[in-house]
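Residue numbers (our numbering): 6 to 565.
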Amino acid sequence: MKKSVILTAVILIPAVLFGCAGDPGVTASVDTQINGTTAEQIFDTETEYVTEPESTKTDLKETDARLDVWYNHAFNKTPTLIKPTVTLNEGTEDYTVYMAKNEYENAQLYMYAPAGIKGISVELSGIKDRDGNSLKTDVFRVYSVPYTDGNNYPDIMVPMNEKIETIDIKQKNAQVIIVRIRTEKDTKPGDYSGALTVKQYGEPVRVCPLYCHVWNFEIPDTPSSKSAMGIWDQIKNYGNDTDYNELYKSYYDFVIDYRISPYYLPYDVTDSQADAYMSDPRVTSFIVPQTNAVYNKLKKNDDWINKAYFYAVDEPSDKAALDKLAAVYGKLKKNFPMIRTIAPFYVSAAYDENTDGIDFMRDYIDIWCPVAAGFTEGGVANGKDIVSIYPTEEAAQKYPWLSERMADVTKEKGELWWYVCSYPPIKKYCNLMIDYTGLQNRVLFWQQKQYNATGFLYWACTYWNKDPWSSRDFNRDGSLLAYGKEELGYTGPCSTLRFEAVRDGLDDYDMLCMCEKLCGADKMNEILNKVTANILEYTDSDAVFAAARIELGFAVEAAQ
Numbered sequence: 006m007k008k009s010v011i012l013t014a015v016i017l018i019p020a021v022l023f024g025c026a027g028d029p030g031v032t033a034s035v036d037t038q039i040n041g042t043t044a045e046q047i048f049d050t051e052t053e054y055v056t057e058p059e060s061t062k063t064d065l066k067e068t069d070a071r072l073d074v075w076y077n078h079a080f081n082k083t084p085t086l087i088k089p090t091v092t093l094n095e096g097t098e099d100y101t102v103y104m105a106k107n108e109y110e111n112a113q114l115y116m117y118a119p120a121g122i123k124g125i126s127v128e129l130s131g132i133k134d135r136d137g138n139s140l141k142t143d144v145f146r147v148y149s150v151p152y153t154d155g156n157n158y159p160d161i162m163v164p165m166n167e168k169i170e171t172i173d174i175k176q177k178n179a180q181v182i183i184v185r186i187r188t189e190k191d192t193k194p195g196d197y198s199g200a201l202t203v204k205q206y207g208e209p210v211r212v213c214p215l216y217c218h219v220w221n222f223e224i225p226d227t228p229s230s231k232s233a234m235g236i237w238d239q240i241k242n243y244g245n246d247t248d249y250n251e252l253y254k255s256y257y258d259f260v261i262d263y264r265i266s267p268y269y270l271p272y273d274v275t276d277s278q279a280d281a282y283m284s285d286p287r288v289t290s291f292i293v294p295q296t297n298a299v300y301n302k303l304k305k306n307d308d309w310i311n312k313a314y315f316y317a318v319d320e321p322s323d324k325a326a327l328d329k330l331a332a333v334y335g336k337l338k339k340n341f342p343m344i345r346t347i348a349p350f351y352v353s354a355a356y357d358e359n360t361d362g363i364d365f366m367r368d369y370i371d372i373w374c375p376v377a378a379g380f381t382e383g384g385v386a387n388g389k390d391i392v393s394i395y396p397t398e399e400a401a402q403k404y405p406w407l408s409e410r411m412a413d414v415t416k417e418k419g420e421l422w423w424y425v426c427s428y429p430p431i432k433k434y435c436n437l438m439i440d441y442t443g444l445q446n447r448v449l450f451w452q453q454k455q456y457n458a459t460g461f462l463y464w465a466c467t468y469w470n471k472d473p474w475s476s477r478d479f480n481r482d483g484s485l486l487a488y489g490k491e492e493l494g495y496t497g498p499c500s501t502l503r504f505e506a507v508r509d510g511l512d513d514y515d516m517l518c519m520c521e522k523l524c525g526a527d528k529m530n531e532i533l534n535k536v537t538a539n540i541l542e543y544t545d546s547d548a549v550f551a552a553a554r555i556e557l558g559f560a561v562e563a564a565q
């Protein structure tokens, strides 16, 4: 295991608490004391493991079980079924979380015992500054899900509780723990420290110092990026007998706490109970029904009408679909002219010899929403190596690339969003599926800023046609949440590491926008380009990404 090291190749980070020079997310070791034992003593490789109580004693010593424990960035995703191809132990014994005020950020702890180990638990001390101010924290046990490539990927997060607090780690398996830290608008900026103690049968065997540096600026309540995400009714199919409307509301409330906007409000727009949601600064959009009663209510409130949109046509990919779009949206724009329209598309299909899909949709679309991969410049949509928005080489030669066309169609009216889905099934592109890297889940939102998209649409977060907990042939496209289980002591919505990446990526987007406003586009692009050059070329280095994000935070703070 590496102790704290200093990465000098990217940026210089100011000293953090106790005068330790900070690597991106890494801090120098300190003699943190837990129950009178220092971190340095407990980190000693000769530390003996506590034996199991006599009543249930196993051959723990005889199997020479060793417990390896390390922190890694929350956007690192290492399979937990350990195979020869899996690289372990690239993390550190301590970790620093860098975050703004009014933000959530996570730290990730891996535990691995080659021969397996029983009776493990974790305990988080308060994370406090020198004056005794503390940060809000939650601890989650992460459950891994299987996939067809033979790996088990850490994904589903369950709040730690008495039913799951004791962990038995199987041979050749790792266990992931997430510590979520929350800052408020009035959180005091500066440095905080605490520790996560790993125990076996109640006795400490590892003390893992955890630090937090809080920047002196806040993430806004209203996200800089709008969002739209589906909550499918399959939430009712997995052992929950709650009234569906109440169940949907619980998922809606869960999602907007991440500052992500579900497609549909939990109440009818005409119901007064919907008013608070439509006025909530975290809610940036909602689909509305096509009725006069809804329109008459919304048009009296500029904030509400600007969040409302029609989503009646999806992915028009040929002439017939474009004709349908014209018929549907032509009527809607005549009857409800103040409500915007959207129609996500992955190809600009030919309409006639002189018109393609983008040209055809100009009169009908207010929110342009192409697939992210459509911003590829070069090639045609072959679906194998790369894709573009154009279906033929002739079209690719005839029309400008998508970024130029989107700048043109939004120049006078409308706005640009984008989306990802199962297309294209090419891992060169950033996406949110289970077998994509944690960095790909996160860099997607830096690319969103790079291509000037001001909104992110994702078709579903609860598409559970297959069980999100156990289905091996399910890449979790459309499944960013999971359901809770009674036997795990929690029955509410469960986040995943990928859903956390969406929230964190949107927070990064906020910081990029703040940097652009306060420091200028040149400075923002200087930092952004360290992470992503274009839709196909972006960093695969956790250290590079972490350093760029930290540089971004300090730049925003300095410009306040």
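All C-beta atoms, glycine included, are put in the ideal place defined by N, C-alpha and C.
Uninterrupted alpha helix (DSSP H) stretches inside the segment 353-430 (no shorter than 4 residues): 362-366, 398-403, 407-414
Three-way DSSP call (helix, strand, coil) for W309 in this model: helix
Minimum C-alpha distance to I370 - residue among Y468, A317, F380: A317
Pick from C466, F504, A526 that is closest to I240, judged by C-alpha positions: C466
DSSP beta-bridge partners of Q205: I125, E208
Secondary structure of L337, DSSP reduced to three states: helix
Inter-residue spacing [alpha-carbon to alpha-carbon] between M411 and V184: 40 Å
Backbone secondary structure at W464 - three-state DSSP: coil
Per-residue DSSP class, three states only, for R187: strand
Local conformation of Q113 per DSSP, three classes: strand
Exposure label - D99; buried when at least 16 CB within 10 Å: buried
Rounded C-alpha distance that separates Q38 from P228: Any reading at Q38 is ruled out, since the residue's pLDDT is 34, under 50, leaving its predicted position unreliable.
Close Cβ partners of T61 (< 8 Å) along its chain, the five nearest in sequence each way excluded: No answer about T61 holds up, because its pLDDT of 36 lies below 50 and its placement is not dependable.
Nearest to L570 (by Cα), restricted to the options P119, G121, L140: Outside the shown range of the chain (6 to 565) lies residue 570, about which nothing can therefore be said.
CB of T171 within 8 Å of CB of G121, strictly: no
Endpoints, the alpha helix (DSSP H) within which Y514 is located: 502-524
Under 8 Å between C-beta atoms of V376 and Y351: yes
Cβ shell of E167 (< 8 Å), same chain only, five flanking positions each side left out: G494
Distance between beta carbons of M366 and A577, contact taken as under 8 Å: There is no way to answer for residue 577, as the model of the chain reaches only from 6 to 565.
Sequence-distant residues of the same chain with beta carbon closer than 6 Å to Y613, five excluded per side: Because residue 613 is not part of the residues shown, which for the chain are 6 to 565, the question remains open.
Neighbour-count burial assignment, K339, 16 or more Cβ in a 10 Å radius: exposed
3-residue-minimum beta strand (DSSP E) runs that sit fully inside the segment 215-282, ordered along the chain: 231-234
For A105, the first and last residue of its enclosing alpha helix (DSSP H): Here A105 belongs to no alpha helix (DSSP H); instead the beta strand (DSSP E) covers 100-106.
Y300 in three-state terms, based on DSSP: helix
Beta-bridge partners of M165, as assigned by DSSP: The partner list for M165 (beta bridge, DSSP) is empty, contrary to what the question assumes.
Nearest-angstrom Cα separation, counted from E491 out to L449: 34 Å
Same chain, Cβ closer than 7 Å to S284, five either side skipped, listed in chain order: D308
Distance between G137 and D191 (C-alpha atoms, nearest Å): 15 Å
Residue interval of the beta strand (DSSP E) (run including N487): Checking the sequence shown, residue 487 turns out to be Ala, not Asn. 487-490 is the extent of the beta strand (DSSP E) around A487.
Burial state of N301, where buried means 16 or more other Cβ atoms lie within 10 Å: exposed
Beta-bridge partners of G131, as assigned by DSSP: Answer is none; G131 lacks a bridge partner.
Beta strand (DSSP E) segment containing R146, residue limits: 141-151
I186 versus E110: straight-line alpha-carbon distance, rounded: 5 Å
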